[in-house]
Amino acid sequence: MGFIFIPLGLITLRASNSVVEIVDRYDIECIPEELRSNKLLYITDDSISKNCSRFLKVPKSMRAPIYIYYQLDNYYQNHRRYVKSRNDKQLLHGLGDNSTSSCIPLESSGDLPIVPCGLIAWSVFNDTFKFSSGSSELKVNRKNIAWKSDRNHKFGKDVYPFNFQNGPLIGGGKLDPNTPLSDQEDLIVWMRTAALPSFRKLYGRIEEDLDADDVIVVQLMNNYNAYSFGGKKKLVLSTSSWLGGKNDFFGVASLFIGTFCMLISIVFLLLHVKNPRPYGDAMYTSWNKKSSSS
C-alpha cells in the first residue's frame, strides 16, 4: 500500500502544483470606502454605480485555455428547500407542465406562471466580467461551459423564459426572453447545485496565452447580493493539468495513507523481530503424527 500510494501522491501533487491559479476576492474592495459600513445599501440602491476595476498580475506563464470561475463562500446551495425549489419537467417542456407546487413561493407572479420557476433560477448569479491586457481586450468564450447532457436533455430547446424577475422582489440576473433555456448556459451552470457551501462555477474561457508579469485589467459589475447573508465573492483564473484544476487534497491524502501504511508495517516488523512467534510445541507435533499414523 505504501509503495502504491506514496508515488501516486507525489505524482498528483506535482500535477496540481503545475496549475497556475489567480484568486481575487472583490466583494469588499469593489464597495466605495464610505459605504463599506452599510453594504446592503450599496447593493440594493440602483442609483449607485456597480462598476469596479481590478488589476491582476500573472505570477507565471499561463497556457490557454485559461478557465474563468466565480467562487462563492458561505452560500448553501445544498439547503433542502433550495434544492427542491425547481421543476425539471417545466425546464424541459415549458408551460405545458403546470405542476409547479415545488417552486412555491416563486411559481407565479401577477397570476401568471414563471418560467423557469423556483428559488434556484430566481437567484441566478449576475456579476459580469470583461478582461484586457495592455491595449487589447481578452475575448472570453462563453460557449460550452455547461454539461452537454444538461443542455440536450434537461433544458428545452423550445422553452423560453416567461414572466421571469417581474415581481416586486428581484433575486439575481435576468434571462433573455428570446433565447431558449438550452442556450442560456449561465442558468444551466447555476442550476447544477453545489454540495458544499464554498463552490466555484465556470464563467468562461480565455483562449490565448498569458505571459508572466502580465497585468490583467478586469472590468466587473458587482451586481450579486451576497452581502445579506455574509457571503464572499471571488474571481478565479486557472489553467488545468491532466488531473484537472488545482486540488492538493488527493495528493496529500495519498501521501498520508501511504506513509501511515509504511510506518505500521515497520512497527509490526520490529515487533516481530523483537518477539518472534514461537514454534509449535513438539508434544502436539508428535501427537499429530501418532494420530495420523493410527
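Numbered per mature numbering (1 follows the signal peptide of the UniProt record, and there is no 0), the sequence shown spans residues -18 to -1, 1 to 276.
A virtual CB, placed ideally from N, CA and C, is assigned to each residue, including glycine.
Values in this document were obtained by computation on a predicted structure and should not be read as measured data.
| Check | Outcome |
| --- | --- |
| Simplified DSSP state of threonine -7, which is helix, strand or coil | helix |
| Other residues of its chain near alanine 46: CB distance less than 6 Å, five sequence neighbours each side excluded | Glu189, Glu190, Asp191 |
| Counted within 10 angstroms of its Cβ, other Cβ atoms place leucine 178 as buried (16 or more) or exposed | exposed |
| Test item: CB-CB of serine 91 and asparagine 160 under 7 Å | no |
| DSSP state of asparagine 207 mapped onto helix, strand, coil | coil |
| Straight-line Cα distance separating tyrosine 52 from isoleucine 13 | 18 Å |
| Closest by C-alpha distance to alanine 208, when choosing among Asp6, Ile25, Glu11, Gly(-10) | Ile25 |
| Short Cβ contact (7 Å threshold) for proline 162 with tyrosine 185 | no |
| Outcome for phenylalanine -14 when other beta-carbon atoms lying within 10 angstroms are tallied against a minimum of 16 | buried |
| Contained alpha helix (DSSP H) runs [length at least 4] in the stretch 81 to 143, N- to C-terminal order | 101 to 104, 130 to 135 |
| Member of Lys136, Asn(-2), Ser180, Asp93 whose CA lies at the smallest distance from the CA of leucine 169 | Lys136 |
| Aspartate 6, DSSP secondary structure in three states | strand |
| Glycine 226 versus leucine 94: straight-line alpha-carbon distance, rounded | 44 Å |
| Span of the beta strand (DSSP E) around arginine 182 | 181 to 188 |
| Residues near methionine 44 in its chain [Cβ-Cβ closer than 6 Å; skip 5 each side] | Val2, Leu192, Thr221 |
| Contact between the stretch 101 to 110 and the stretch 145 to 155 (3+ Cβ pairs under 8 Å) | yes |
| Three-state secondary structure assigned by DSSP to aspartate 165 | helix |
| Residue from Val97, Val40, Leu245 whose Cα sits closest to the Cα of phenylalanine -16 | Leu245 |
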